[in-house]
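> Quick one: the structure is below, questions incoming.
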Amino acid sequence: MSAPLIRFNGADLGYAGRAVLRDVRLEIQRGESVGLVGPNGCGKTTFLRAVLGLIAPMAGRVERDQKAAFAYVPQADEMNLLWPLRVRDVVELPARARRWFGRVTAADRSAATAALERVGAAGWADRLVREVSGGQRQRAAIAQAVAQSPDVYLLDEPTKGLDVVAERDLLGLVGGLSEEGRTIFLVSHSLAIPLNLSRRVLLFHAGRVVSSTPEEIFHSRRLEDIYGVPFGQVEKDGQRWVYPLGGS
Amino acid sequence: MNFLELPFMRTALIAGLLAGTALSVLGIFSVTRRVAFSGLAASQLAALGGVLGALGGFHVGAGVISGGAVVSGLLALAWLSRSRRTSPDSWVAAVYVLGAAAAVLLLSKSPGGESETLGVFFGNILSIGRLEVMEAAGVCAVTALGTSLWFRRWLWLSFDPVGAEVAGVRIGLWNGLFYALYAASLTLAIHVFGVLLSFAYLILPATAGLLVARRPRALVLFCAGMAVVSTVTGFALSYRWDLPTGPFVAALLAVGAVGTRLYGRISGDE
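Residue numbers (this note's numbering), protein chains in the order written: chain D, 23 to 270; chain E, 1152 to 1421.
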């Protein structure tokens, strides 16, 4: 078996001497599709920063495949829309930023064009990114990541603020990347997304990370333990939904 | 008599065009990072450094002190702005007030007194010499080279800093390079223009450019063009109407920015 993409070996992760996550022990293999689930402030972002090597463990070890290339897909509302950039410019930006004088090669251009076509953005690639819809902007962000041809995609709440059709289309794109064998880390507050899209789910709760599967989560009471309320389950047409019960 | 027939006007115009163009291009990043008023605070700190150097009686040393004041002030601002209970703008205001008050207090003890205070805030562009022109040419050349080489990298850091960091861009190094250039340009500009006109060059062309430009390259050309047109027009008209040149150019830049906004509104662009 090949070496894992990343191995956490008893790692404490946090900032300024305060551990947010303790004794993290797990391995992520190349090609896995991993959903990150848990309440706000439970350490999902801290975990992602450790995956990226942006923070060092406070205790234990984190071993990363140093050759793996990562790409981060920002939320559409994280982009700085003051810049007059076309959708195509956004997709080409990493390639231009890496070269002196901001030049792009023919290979960079064809990678950008292929990425735009892949996400269905070729028809509006010359529009300013600030003038397209939120769903289109999110597609542009994914196209930018695709054009970099990374081994690992990190998606942080990619469906935030999207309407249901845009959400469906976007998740279809992410599913396609996963089927190609790319490693996906996906953070989502919607429990349905990791349940239906990821093959593995990491549950964050009370400073711990627990590895699970969509099937186990759907049929167990783990969500109830984490969120402190009972959950209902629905399964239809091969899709699963869970939802908190009670409330007014 | 044409103002260009006067040697001191020609010298001032050349320095103004060079430093103004450099500041207006760097200002694009100041505005798009939403730290426009940090530019004002940094300008004031550069002025304070200039005052300290001038009181000490050394020219080159004043530049070093000004640059040091800008860098320390920006670092202090970055730290102060981390407070979650206050708005970053409040700390920009605090640094500005500190820089301005300290400069006035120091100048109150100098023989030049009031006239020097006016010089710090409003500049005296017509009094500069060849040394300042050469400095302006140097800063303009370094700015042109830096922005040509790394404009897109700095753009990425401003557009999506997390994405850039994840993809392997060394944020600290590239932000450090940018702010070094920014500090050097401001230091020189304060010496040539004073706080008011430096801040005007830094913010107003970029503000107007973002309203009309539809490509990054067009934005750079617009900002440089607006700086050149406002500087030449300001020199010519202020000479003809016997008005102070620095404040007149600053007013023209402000009118240009507001006019661009009005044009956008009327033409239905916004």
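All C-beta atoms in this analysis are idealised placements derived from N, C-alpha and C, irrespective of residue type, glycine included.
For clarity, every value in this text was computed on a predicted model and none was experimentally measured.
How would you label Ser171(D), buried or exposed, when you count the other beta carbons within 10 angstroms and need 16 or more for buried?
Flag for Ser171(D) reads exposed.
> Quick one: what's got a C-beta closer than 8 angstroms to Thr1382(E)'s C-beta in the same chain, skipping five residues either side?
Cβ within range, chain order: Leu1164, Gly1167, Leu1168, Gly1171, Val1400.
> Find the nearest neighbour of Gly60(D) within the set Glu179(D), Pro96(D), Ile164(D), judged by alpha-carbon distance.
When only C-alpha atoms are compared, the closest one is Glu179(D).
> Give, in chain order, every unbroken run of the alpha helix (DSSP H) that is at least 4 residues long and sits entirely within the stretch 1212-1271 of chain E.
Listed in chain order, they are 1239-1259.
> Kindly list the residues whose CB is nearer than 8 angstroms to the CB of Leu195(D), restricted to its own chain and excluding five residues on each side of it in sequence; keep chain order.
Excluding sequence neighbours, Leu195(D) sits near Arg140, Val141, Arg161, Ile164.
> Taking the alpha helix (DSSP H) that Val1290(E) falls in, what are its first and last residues?
Here the alpha helix (DSSP H) through Val1290(E) covers 1281-1310.
> Which residue wins for smallest C-alpha separation from Ile150(D), given the options Val1346(E), Leu1362(E), Ala1205(E)?
The residue you asked about is not Ile; residue 150(D) is Leu in the sequence shown. Closest option to Leu150(D), Cα to Cα, is Leu1362(E).
> Contact between the stretch 70-83 of chain D and the stretch 249-258 of chain D: three or more CB pairs below 8 angstroms?
Contact between the stretch 70-83 of chain D and the stretch 249-258 of chain D is absent, because fewer than three Cβ pairs lie under 8 angstroms.
> Checking contacts by CB at 8 angstroms: is Gly124(D) closer than that to chain E?
Yes, its Cβ sits closer than 8 angstroms to a Cβ of chain E.
> Might you give, ordered along the chain, the residues of its own chain that have their beta carbon closer than 8 angstroms to the beta carbon of Val154(D), omitting 5 neighbours on each side?
Once the five neighbours on either side are set aside, the close Cβ partners of Val154(D) are Val109, Trp146, Ala162.
> Counting C-beta neighbours from all protein chains within 10 Å, is the total for Val185(D) 16 or more, i.e. buried, or is it exposed?
Note on residue identity: the sequence assigns Asp, not Val, to residue 185(D). Asp185(D) comes out exposed.
> How close, in whole Å, do the beta carbons of Val223(D) and Gly65(D) come, if the pair is a contact with beta carbons under 8 angstroms?
The Cβ separation is near 15 angstroms, so there is no contact.
> By the 9 angstroms beta-carbon criterion, what residues does the stretch 1306-1332 of chain E contribute toward chain D?
Per Cβ criterion, the list reads Leu1306, Trp1307, Leu1308, Ser1309, Phe1310, Asp1311, Pro1312, Val1313, Gly1314, Ala1315, Glu1316, Val1317, Ala1318, Gly1319, Val1320.
> Which first and last residues belong to the beta strand (DSSP E) in which Gly32(D) is found?
Where Gly32(D) is concerned, the enclosing beta strand (DSSP E) stretches over 28-37.
> Since Asn102(D) and Ser1181(E) should fall inside the 8 angstroms C-beta cutoff, what is the C-beta to C-beta distance between them, to a whole number of angstroms?
Going by Cβ atoms, the distance from Asn102(D) to Ser1181(E) rounds to 13 angstroms, so no, they are not a contact pair.
> Is the beta carbon of Ala33(D) closer than 8 angstroms to that of Pro17(D)?
Residue 17(D) lies beyond the stretch modelled for chain D, which goes from 23 to 270, so this question has no answer here.
> Which residues bound the alpha helix (DSSP H) around Trp1325(E)?
Per DSSP, Trp1325(E) belongs to the alpha helix (DSSP H) from 1322-1363.
> Closest to Leu1155(E) by CA distance: which of Asp1420(E), Leu1388(E), Asn1326(E) is it?
With distances taken between Cα atoms, Leu1155(E) lies closest to Leu1388(E).
> Starting from Ser132(D), trace the beta strand (DSSP E) both ways and give me its first and last residue.
Unbroken run through Ser132(D) is the alpha helix (DSSP H), 128-140; no beta strand (DSSP E).
> Can you tell me whether DSSP reads Leu1394(E) as helix, strand or coil?
Of the three classes helix, strand and coil, the one that applies to Leu1394(E) here is coil, per DSSP.
> Arg244(D) and Ala214(D) - do their beta-carbons sit closer together than 8 angstroms?
No.
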